[in-house]
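J.:
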Amino acid sequence: METFLILLFSFQAGVRGQQVEQSPSALRLQEGTSSTVRCNFSTTMNRVQWFRQNPGGGLISLFYLTSGTKQEGRLKATADKASKSIQLVISASQLGDSAVYFCALREGTVGGLLEGGAQKPRVCLRQPLL
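According to UniProt numbering, the sequence shown is numbered sequentially starting from 1.
Okay, structure coming up:
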């Protein structure tokens, strides 16, 4: 029996005019395949971050980038200042990847993390419908 990974995304409104666009809005993939989640921002980004929240748990920081690419195991994050976007690639998806993932940014040179500048994609594993 094959197992499928379902990616569901929700949007949180921005603050101070900040707009965040998440793509894709929903994704269904088979366990063992790869997926890419992208966040596009309406403003210049200096620092971006990916977080993970396991069911019933707190936030875990996965990556903190100013630009370029970082990889840790099957996860890879890329920040592109020119296109005002970041992406997270999950390779060879597994049941343990089920979590909520957040992208966030710091705007300008000083200031806190913009709570409204975050996206919350949820990753869940489901059995296929027969």
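Glycine included, each C-beta is placed from N, C-alpha and C at the ideal position.
Based on DSSP bridge pairs, tell me the residues matched to N40.
T.: E21, S85
J.: In this structure, does DSSP put residue 145 in helix, strand or coil?
T.: No information on residue 145 is available, as it lies outside the stretch 1 to 130 that the chain covers here.
J.: Decide if the region 78-97 is in contact with the region 30-41; the criterion is three or more beta carbon pairs, one per stretch, under 8 Å apart.
T.: The region 78-97, when compared against the region 30-41, does touch it at the 8 Å Cβ threshold.
J.: Among G73, Q19, Q49, Q87, which has the Cα closest to the Cα of I60?
T.: Q49
J.: Going straight from the alpha carbon of A77 to that of Y101, what length do you get?
T.: 12 Å
J.: Just mark A82 as buried or exposed, buried being the case when its beta carbon has 16 or more other beta carbons within 10 Å.
T.: exposed
J.: Taking just the CA atoms, how far does A99 sit from V57?
T.: In the sequence on display, residue 57 carries Gly and not Val. If you take the alpha carbons of G57 and A99, they lie about 10 Å apart.
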